[in-house]
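> Residue numbers (this note's numbering): 19 to 475. For each residue, glycine too, the CB sits at the ideal point set by N, CA and C. Remember, it's a predicted structure, so these values are computed and weren't measured experimentally. Following this message is one structure expressed as structure tokens.
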Ligand code: TYD
Ligand code: MG
């Protein structure tokens, strides 16, 4: 039976649908994002049939009677990936791995695939040819397993092969290249992405086969395609980092089966991605000369503490409006901290350009690095280096007070482990630390002024 069709307009940013075209999306107010899509219209009978098939699908069950051993996870063979996933891949889950082109998504998944001993994995690529994938695989050492490869962009065909080879795990690289022939929209359009993802989700849930999806990220940093894609999947992992930097960070930004505080750090090498075992060592600049404008923070991202270098450059503004820029740190928070420095410590920063950078291309959200940001800015401003072997942790409040931070013990231990001699900690964190025997001197500070006096005399 031929289907009638109608046109709808779908916003490529938020997925909002309208029947008329708009220059600006009525829902998210973005300009030039409404794309036309032609949809097949279901007839009354078809709707009814679909309704019936849905009614028969599920049955009511008592919560207490549902067995929970479906939670058994697949070990991916990659420690960092396992950790970010919350302990491995959950059967029947749909995982989206987002990241900018060239960041290493395909490499990471291929590497995972090649380590996954004893499981049948089907790697579907719509982006590269078999030969390209083979060349990539040859760069990665220590293959333990063989994998099944399929270069195909038509999702119906993919499922034909899936039915035939019955994989234990399915990888689809990327969702933007997949298309359903029954959906009249071009690959990468909102409708195709949504329909393909929905079908893959249905497959994962019904078969228990976990599906790993690759998704590209737009310039603005959102996962391309509608927001609905993020709502459909169980887990969203984001692979980030500067393409010109060796380090890559794998972050979980949504996880139905684990914590989103997890973080994996990789180094991109000539022979694939290597997990970084001791992030602190890589985030600290090697060198003996202490430099002005550098302060070391004892930070925690995910569940791991590490020491990280905050670098600041303060210089007299050449033009009227001073510039403020921050890499790896929230710019509004930097402006707030600069205002605290002006108001509470009396430093005149109005005519100064301030640049802040977190070493290693890392983006840090831990408020405990506030104190090191302030210290780095001041150190650059007075052109005096902070003594070697000193690090700090503390959130800075609007009135210049240093507020307690989480898990201070872990931060101190990490600093101690790396051979630091002194750590500045919030006074409010001292409780419980009194009888701690440490090889590191713990200096409590209550206000920004105290901390700066400790550092610069
Ligand atoms: P790729 O994994 O294809 O990224 P994505 O799938 O996210 O677009 O690209 C990884 C980049 O890393 C590519 O520019 C080549 C480089 N690379 C290495 O440096 N070492 C390697 O071993 C491999 C396989 C790739
Ligand atoms: Mg790729």
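Identify every residue that forms a DSSP beta bridge with residue 270.
In the chain shown, counting from the first residue as 1, residue 270 sits at position 252. Looking at the DSSP assignment, residue 270 forms a beta bridge with 255.
> Report yes or no: do the segment 142-157 and the segment 188-196 share at least 3 C-beta pairs separated by less than 8 Å?
Segments in contact, yes.
> How many angstroms separate the CA atom of residue 226 from the CA atom of residue 170?
Within the chain shown, the letter at position 208 stands for residue 226. Within the chain shown, the letter at position 152 stands for residue 170. Those two C-alpha atoms are separated by around 22 Å.
> Just to confirm before moving on: does the CB-CB distance between residue 412 and residue 384 stay below 8 Å?
As a position in the chain shown, residue 412 is number 394, starting the count at 1. As a position in the chain shown, residue 384 is number 366, starting the count at 1. Not in contact: residue 412 and residue 384 (Cβ atoms no closer than 8 Å).
> Just reading off the alpha helix (DSSP H) that residue 213 is part of, what are its end residues?
Along the chain shown, one-based indexing puts residue 213 at 195. 208-225 is the extent of the alpha helix (DSSP H) around residue 213.
> Quick one: give me the first and last residue of the alpha helix (DSSP H) that residue 474 is part of.
In the chain shown, the residue the question calls residue 474 occupies position 456. Per DSSP, residue 474 belongs to the alpha helix (DSSP H) from 466-474.
> Does the segment 322-332 come close enough to the segment 369-379 that 3 or more CB-CB pairs lie under 8 Å?
Flag = yes, the segment 369-379 and the segment 322-332 touch.
> Let me check understanding here. Comparing Cα to Cα, which of 79, 81, 105 and 420 lies closest to residue 90?
Taking the chain shown and counting its residues from 1, the one referred to as residue 90 is at position 72. Cα-wise, what sits closest to residue 90 is 105.
> Rounded to whole angstroms, how far is the Cβ of residue 393 from the Cβ of residue 473, which I believe are closer than 8 Å?
In the chain shown, the residue the question calls residue 393 occupies position 375. In the chain shown, the residue the question calls residue 473 occupies position 455. 6 Å between Cβ atoms; contact.
> Compute every distance between the C-beta of residue 158 and the non-hydrogen atoms of the ligand TYD, then say whether any falls below 7 Å.
Residue numbering aside, residue 158 sits at position 140 when the chain shown is read from its first letter. Residue 158 Cβ: within cutoff of the ligand TYD.
> Say yes only if the C-beta of residue 125 is nearer than 7 Å to one or more non-hydrogen atoms of the ligand ZN, and no if none qualify.
The ligand ZN is absent from the structure shown, which contains only the ligand TYD and the ligand MG.
> To the nearest angstrom, report how far apart residue 1 and residue 134 are at their CA atoms.
Given a span of 19 to 475 for the chain in the structure shown, any question on residue 1 remains unanswerable.
> Indicate, with yes or no, if the ligand MG has a heavy atom lying under 7 Å from the CB of residue 258.
Locating residue 258 in the chain shown gives position 240, where the first residue counts as 1. It does not: the Cβ of residue 258 is nowhere closer than 7 Å to a heavy atom of the ligand MG.
> With a threshold of 7 Å (Cβ to nearest heavy atom), would residue 151 be considered close to the ligand TYD?
By 1-based counting over the chain shown, the position of residue 151 is 133. It does not: the Cβ of residue 151 is nowhere closer than 7 Å to a heavy atom of the ligand TYD.
> Roughly how many whole angstroms lie between the Cα atoms of residue 116 and residue 255?
Here residue 116 refers to the residue found at position 98 of the chain shown. Here residue 255 refers to the residue found at position 237 of the chain shown. Cα-Cα distance, rounded: 6 Å.
> The beta strand (DSSP E) spanning residue 410 covers which residue range?
In the chain shown, counting from the first residue as 1, residue 410 sits at position 392. Per DSSP, residue 410 belongs to the beta strand (DSSP E) from 408-410.
> Could you compute how far the alpha carbon of residue 54 sits from the alpha carbon of residue 48?
Translated into the one-based positions of the chain shown, residue 54 becomes position 36. Translated into the one-based positions of the chain shown, residue 48 becomes position 30. Distance between the alpha carbons of residue 54 and residue 48 is about 16 Å.
> Would you tell me roughly how many angstroms separate the C-alpha atoms of residue 108 and residue 92, rounded to the nearest one?
Along the chain shown, read from residue 1 onward, the residue named residue 108 stands at position 90. Along the chain shown, read from residue 1 onward, the residue named residue 92 stands at position 74. So the two alpha carbons sit approximately 6 Å from each other.
> Can we count residue 425 as close to the ligand TYD, meaning its CB is less than 7 Å from some heavy atom?
Counted from its first residue, the chain shown places residue 425 at position 407. No, the beta carbon of residue 425 sits no closer than 7 Å to any heavy atom of the ligand TYD.
> Hey, is the segment 259-268 in contact with the segment 282-292, meaning 3+ C-beta pairs nearer than 8 Å?
Flag = yes, the segment 259-268 and the segment 282-292 touch.
> Going by C-alpha to C-alpha distance, which of 441, 348, 23 and 369 sits closest to residue 381?
On the chain shown, position 363 is the one that residue 381 refers to. Among 441, 348, 23 and 369, the Cα nearest to that of residue 381 is on 348.
> Just to confirm, is the Cβ distance from residue 442 to residue 463 under 8 Å?
The residue labelled residue 442 in the question sits at position 424 within the chain shown. The residue labelled residue 463 in the question sits at position 445 within the chain shown. Yes, they are a contact pair.
> Around the Cβ of residue 249, are there at least 16 other Cβ atoms within 10 angstroms (buried) or fewer (exposed)?
Here residue 249 refers to the residue found at position 231 when the chain shown is read from its first residue. Under this definition residue 249 is an exposed residue.
> So, with DSSP's three-state summary, where would you put residue 361?
Here residue 361 corresponds to residue number 343 of the chain shown, with the count starting at 1. Three-state DSSP puts residue 361 in a helix.
> The beta strand (DSSP E) spanning residue 287 covers which residue range?
As a position in the chain shown, residue 287 is number 269, starting the count at 1. Taken as a continuous stretch (DSSP letters only), the beta strand (DSSP E) holding residue 287 covers 281-287.
> Please determine, among 159, 426 and 252, the residue with the shortest C-alpha to C-alpha distance to residue 445.
Here residue 445 refers to the residue found at position 427 when the chain shown is read from its first residue. Per the Cα distances, 426.
> For the ligand TYD, I want to know if residue 287 counts as a neighbour, meaning its beta carbon is within less than 7 Å of at least one of the ligand's heavy atoms.
Here residue 287 refers to the residue found at position 269 of the chain shown. Under cutoff, so the answer is yes.
> Looking at C-alpha atoms only, which residue of 253, 298 and 216 is the closest neighbour of residue 277?
As a first step, residue 277 must be located in the chain shown, where it is residue number 259. For the residues 253, 298 and 216, the minimum Cα distance to residue 277 belongs to 253.
> Please list, in chain order, all residues of the same chain as residue 429 whose beta carbon is under 6 Å from its beta carbon, the five residues on each side excluded.
Against the chain shown, residue 429 aligns to sequence position 411. Answer for residue 429: 316, 323 and 411, listed in chain order.
> For residue 178, verify whether its CB is less than 7 Å away from any heavy atom of the ligand MG.
Translated into the one-based positions of the chain shown, residue 178 becomes position 160. The answer is no for residue 178.
> Kindly indicate which three-state DSSP category residue 177 falls into: helix, strand or coil?
Position 159 of the chain shown, counted from the first residue, corresponds to residue 177. Of the three classes helix, strand and coil, the one that applies to residue 177 here is helix, per DSSP.
> Which residues in the same chain as residue 150 place their Cβ atom closer than 7 Å to its Cβ, once the five residues preceding and following it in sequence are excluded?
As a working note, residue 150 is residue 132 in the chain shown. Nothing listed; no residue qualifies.
> Pull up the distance between the alpha-carbon of residue 405 and that of residue 386, whole angstroms please.
Numbered from 1 along the chain shown, position 387 holds the residue referred to as residue 405. Numbered from 1 along the chain shown, position 368 holds the residue referred to as residue 386. So the alpha carbons of these two residues sit roughly 20 Å apart.
> Starting from residue 319, follow the beta strand (DSSP E) in both directions and report where the run begins and ends.
As a working note, residue 319 is residue 301 in the chain shown. Note, residue 319: beta strand (DSSP E), 312-319.
> Just to confirm my understanding: we take residue 302, look at its own chain, exclude 5 residues before and 5 after, and list those with CB closer than 8 Å. What are they?
The residue given as residue 302 occupies position 284 in the chain shown. Only 314, 325, 326, 327, 377 and 436 meet the Cβ criterion.
> Around the Cβ of residue 311, are there at least 16 other Cβ atoms within 10 angstroms (buried) or fewer (exposed)?
Stepping through the chain shown from its first residue, residue 311 is reached at position 293. Buried: at least 16 other Cβ atoms inside 10 Å.
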